[in-house]
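One structure is given below, encoded as C-alpha cells.
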Amino acid sequence: MNKKRIVLIALATLVSTLLPLIPASAHNVSKNDAKFVQANQGRAIAPFMYLGAKHMVTGYDHLLFLVGVIFFLYRLKDVVQYVSLFTIGHSLTLLVGVLGGVRANSYVIDAIIGLSVIYKAFDNMDGFKRFLGFQPNTKWAVLIFGLFHGFGLATKLQEFALSQKGLVANIVSFNIGVEIGQVLALTAVLIALSYWRTRGGFLRHAFVTNTALMTGGFILVGYQLAGYFLA
Amino acid sequence: MIQEQDLPKLEAPSKRAIAKATAVAAGIAAILLFTVVLPAEYGFDPLHTGAALRLTELSKPASGKPSPAILPAGGQQVLPAMTYTSQPSIYKVDSEDLALHPGEGVEIKYHMQKGAVMVYSWKASGKLMFEFHGEPDQKPNPDYYDSYELDNQIGKDHSHGSFTAPSTGIHGWFWENKGNKNVEMHLTAAGFFDSAKMFAGGDPDDLPIEDAK
Numbered sequence: 001m002n003k004k005r006i007v008l009i010a011l012a013t014l015v016s017t018l019l020p021l022i023p024a025s026a027h028n029v030s031k032n033d034a035k036f037v038q039a040n041q042g043r044a045i046a047p048f049m050y051l052g053a054k055h056m057v058t059g060y061d062h063l064l065f066l067v068g069v070i071f072f073l074y075r076l077k078d079v080v081q082y083v084s085l086f087t088i089g090h091s092l093t094l095l096v097g098v099l100g101g102v103r104a105n106s107y108v109i110d111a112i113i114g115l116s117v118i119y120k121a122f123d124n125m126d127g128f129k130r131f132l133g134f135q136p137n138t139k140w141a142v143l144i145f146g147l148f149h150g151f152g153l154a155t156k157l158q159e160f161a162l163s164q165k166g167l168v169a170n171i172v173s174f175n176i177g178v179e180i181g182q183v184l185a186l187t188a189v190l191i192a193l194s195y196w197r198t199r200g201g202f203l204r205h206a207f208v209t210n211t212a213l214m215t216g217g218f219i220l221v222g223y224q225l226a227g228y229f230l231a
Numbered sequence: 001m002i003q004e005q006d007l008p009k010l011e012a013p014s015k016r017a018i019a020k021a022t023a024v025a026a027g028i029a030a031i032l033l034f035t036v037v038l039p040a041e042y043g044f045d046p047l048h049t050g051a052a053l054r055l056t057e058l059s060k061p062a063s064g065k066p067s068p069a070i071l072p073a074g075g076q077q078v079l080p081a082m083t084y085t086s087q088p089s090i091y092k093v094d095s096e097d098l099a100l101h102p103g104e105g106v107e108i109k110y111h112m113q114k115g116a117v118m119v120y121s122w123k124a125s126g127k128l129m130f131e132f133h134g135e136p137d138q139k140p141n142p143d144y145y146d147s148y149e150l151d152n153q154i155g156k157d158h159s160h161g162s163f164t165a166p167s168t169g170i171h172g173w174f175w176e177n178k179g180n181k182n183v184e185m186h187l188t189a190a191g192f193f194d195s196a197k198m199f200a201g202g203d204p205d206d207l208p209i210e211d212a213k
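Protein sequences, first through last, are from chains A and B.
Position 146 (the first sequence) corresponds to 146 in this note's numbering; numbering is contiguous.
Position 142 (the second sequence) corresponds to 142 in this note's numbering; numbering is contiguous.
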C-alpha cells in the first residue's frame, strides 16, 4: 500500500466514523419530536411527513447503505429500479410492523442494518464473486435488506405510544416523508458520485471507498451490539 | 437482465486484497469502537482511552439546565439557599404502580409552586431510560422544558432523592422501556404538590393524590 492510499483510507475512515457522532441522537427521533408524537392525537400529515424525511436525511445508516447500492450504478434507470426495490421493501415492513404492532429489538434491527452496509461494500469489492464464485442477486439483496430497514423505521416509530386515531394516515405520511427524504439525500449523493466519476480517480479509489464504507458498517454493528448487551 | 455493473471496472481485486480490506475495515472499526465510540456512547471504557480523551463525559446524564442549587454532599458541603420554607397546607402523598411493555413510555408529573419541595423514590424490575424534567407554567415556547436528570443510554432501575421546584409548573419523569421484557415499577412521592398527571400517549389523566395523614 502506498502512502497516498493509506492517507485516503485514513481520511475516509475518519469521515465515516465521525458522521455517526456529530448529531448525538441523529438516529433516534429527537426528544422534542418524541413529545410531539406522543402528544399527537389524530391525523397530522405534514408533521409526520417531516419526521419521516428528517429521519431519512439524518439516518446515516440508511444513507451508507444507499451509497453502497448506487455506487456502481451509472444509469438513472438502474438507480430508480434499485431504489424502488429498497422503497418497496422498507414501506412494506414499516406499514405491517406498525399496524401489526410487531416490536423488534431496535439494537438487533439496527445491527442488521449495519450488516447490510458491510454486505453491500463486500459485494462492491466483488467479494462474493471471488469467494463464492458467483454474485448473489443484487436486486433480491436490496429488497430483503429494505425489509429490515423498514422494521427499523417501524420500531423507531413504535417506541412512542402512538395514538390509534388517524394511525394509518400518520404512518403513510411518515412513509411518504421517508421517501421524500430519501430522494433528497440520493440526489445529493448522486451529484457527488457523478462529479467524482468524471474525475479520473473514481475506479482507482472505488476499492478504498468501499473499504471505508465497510468500516462504517462494522462500526454501526459494533455500536448497536454493544448497546444490546450494555444497555 | 441489466447487469449492475455496466461499465468496465478495473480488473476484479484478488481474494487476498478483498480479505485484507475486510480485515482492515473490521480492525479499524474495532479500534475506533473500543477507543472512542463505546466510551462516548455508553461509558464503556475498557482501555481507559475514553477517560483520557474526556469522552466518557458525553455518556453521562447531562446535568440539568437549571444547575441544581443543592448538590449531594460530595466532599464539599453546599449550603442550601433555603434551609426552611413554610407552606400553607398539609403535604400530599402519592404512590403509583405501573407496568411498561417493551417500547412503551409513560410520564408522571406533579404540579408544584416554585420553591416547593418533594421527596421521591422509584424502583423498577428492570432498567428504564428516563428523564426527570419540568415544564414551567410560563414557558417561552411550547416545547420548552428543563432537564434535571437524564439517562437515555444505559438506564436505571431506581432513583431516590429530593427536589426543589425551580419554577412553578409540572415536574416529573418520563420513563421508557427500551428493553425486550416487561418492566414493573413503583413510584412514591411526598411533598407540596397540588395535583398529579399521567401522560401515556393520549390526553393526560389526572391522578388522585392524598393529604398526608
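Yeah, the Cβ is synthetic: ideal placement off N, Cα and C, and Gly gets one too.
Quick caveat, the model's predicted, so the values are computed rather than measured.
In this structure, residue 33 (chain B) sits near residue 223 (chain A), with a CB-CB distance shorter than 8 Å.
DSSP places residue 182 (chain B) outside any beta strand (DSSP E), giving it a letter other than H or E. For residue 164 (chain B), the uninterrupted beta strand (DSSP E) segment begins and ends at 146-164.
A straight-line Cα-Cα distance of about 6 Å links residue 110 (chain A) and residue 152 (chain A). Spanning the alpha carbons of residue 15 (chain B) and residue 181 (chain A) requires a straight line of approximately 37 Å. DSSP lists B:105 and B:129 as the beta-bridge partner residues of residue 176 (chain B). Following the DSSP letters along the chain, one finds residue 198 (chain B) in no alpha helix (DSSP H) but inside the beta strand (DSSP E) bounded by residues 193-199. Cβ proximity to chain A below 7 Å picks out 153, 154 and 155 from the stretch 144-161 of chain B. Between the C-alpha atoms of residue 192 (chain B) and residue 57 (chain B) there is a straight-line separation of about 34 Å. At a Cβ-Cβ threshold of 8 Å, residue 93 (chain B) and residue 200 (chain B) do not count as neighbours. For the stretch 127-142 of chain B, the residues whose beta carbon sits under 9 Å from a beta carbon of chain A are, in order, 127, 129 and 131. Secondary-structure assignment with DSSP links residue 228 (chain A) through no beta bridge to anything. Note on geometry: alpha-carbon atoms of residue 209 (chain A) and residue 61 (chain A) lie some 16 Å from one another. The beta-carbon separation of residue 22 (chain B) and residue 95 (chain B), rounded to 56 Å, does not stay under the 8 Å limit for a contact. For residue 56 (chain A), no Cβ of chain B is located within less than 8 Å of the residue's own Cβ. Against chain B, a Cβ distance below 8 Å from residue 223 (chain A) picks out 33, 37, 38 and 41. A distance below 8 Å separates the beta carbons of residue 158 (chain A) and residue 103 (chain A). Per DSSP, residue 99 (chain B) lies in no alpha helix (DSSP H) segment; the continuous beta strand (DSSP E) that holds it begins and ends at 92-100. For the C-beta of residue 163 (chain A), the chain B residues within less than 7 Å are, from N- to C-terminus, 201 and 202. By the rule that beta-carbons nearer than 8 Å mark a contact, residue 226 (chain A) touches chain B. DSSP, reduced to helix, strand and coil, places residue 123 (chain B) within a strand of the structure shown. Residue 223 (chain A) carries a helical assignment under DSSP once its states are collapsed to helix, strand and coil.
Cβ contact annotation for residue 126 (chain A) (same chain, cutoff 8 Å, sequence separation greater than five): 135, in chain order. With 16 or more neighbouring CB atoms inside 10 Å of its own CB, residue 211 (chain A) falls in the buried class. When secondary structure is reduced to three states using DSSP, residue 74 (chain A) falls in the coil class, being assigned neither helix nor strand.
Counting along the chain, residue 123 (chain A) sits inside the alpha helix (DSSP H) bounded by residues 106-124. Within the stretch 112-141 of chain A, 122, 125, 126, 127, 129, 130, 131 and 138 place their CB atoms closer than 7 Å to a CB of chain B, listed in sequence order.
Rounded to whole angstroms, residue 53 (chain A) and residue 141 (chain B) show a C-alpha spacing of 24 Å. Residues 105, 107, 108 and 111 of the same chain have their beta carbon placed closer than 8 Å to that of residue 228 (chain A), with the five preceding and five following residues left out of the count. Neighbours of residue 93 (chain B) in chain A, taken as residues at a C-beta separation under 8 Å, are lacking, since the least C-beta distance is about 27 Å.
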